[in-house]
Amino acid sequence: MTDEQRKELFLKQVKTMKTLLEHGAISREQYDFSYNGLVTKMGITEKELSEWMK
Numbered sequence: 055m056t057d058e059q060r061k062e063l064f065l066k067q068v069k070t071m072k073t074l075l076e077h078g079a080i081s082r083e084q085y086d087f088s089y090n091g092l093v094t095k096m097g098i099t100e101k102e103l104s105e106w107m108k
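Per our numbering, the sequence shown runs over residues 55 to 108.
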């Protein structure tokens with residue numbers, strides 16, 4: 055998987071989780087847990103996060 059594909063997948067997953075949170079399908083705690091798990095499992099660095107989440 056290229057870095058660009060990894061970025062696109064991460065952002066797509068975060069968008070999905072935000073939608074679920076906004077519609078009350080998951081709690082803020084579930085969102086935070088899933089977000090942090092996604093960052094860890096995908097090996098996203100702090101630098102990547104700051105660049106991607108602008």
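Backbone N, C-alpha and C fix where the C-beta goes; we use that ideal spot for every residue, glycine too.
1. Three-state secondary structure (DSSP) at K108?
2. What residue does the alpha helix (DSSP H) around S88 start on, and which one ends it?
3. According to DSSP, is T99 helix, strand or coil?
4. Consult DSSP for T70 and reduce its assignment to one of helix, strand or coil.
On the basis of the supplied data:
1. Working through the sequence shown from its first residue, we reach residue 108 at position 54. Under the three-state reduction of DSSP, K108 is assigned to coil, being neither helix nor strand.
2. Position 34 of the sequence shown, counted from the first residue, corresponds to residue 88. Start and end: R82 to M96.
3. Along the sequence shown, read from residue 1 onward, the residue named residue 99 stands at position 45. It is coil, neither helix nor strand.
4. Here residue 70 corresponds to residue number 16 of the sequence shown, with the count starting at 1. Of the three classes helix, strand and coil, the one that applies to T70 here is helix, per DSSP.
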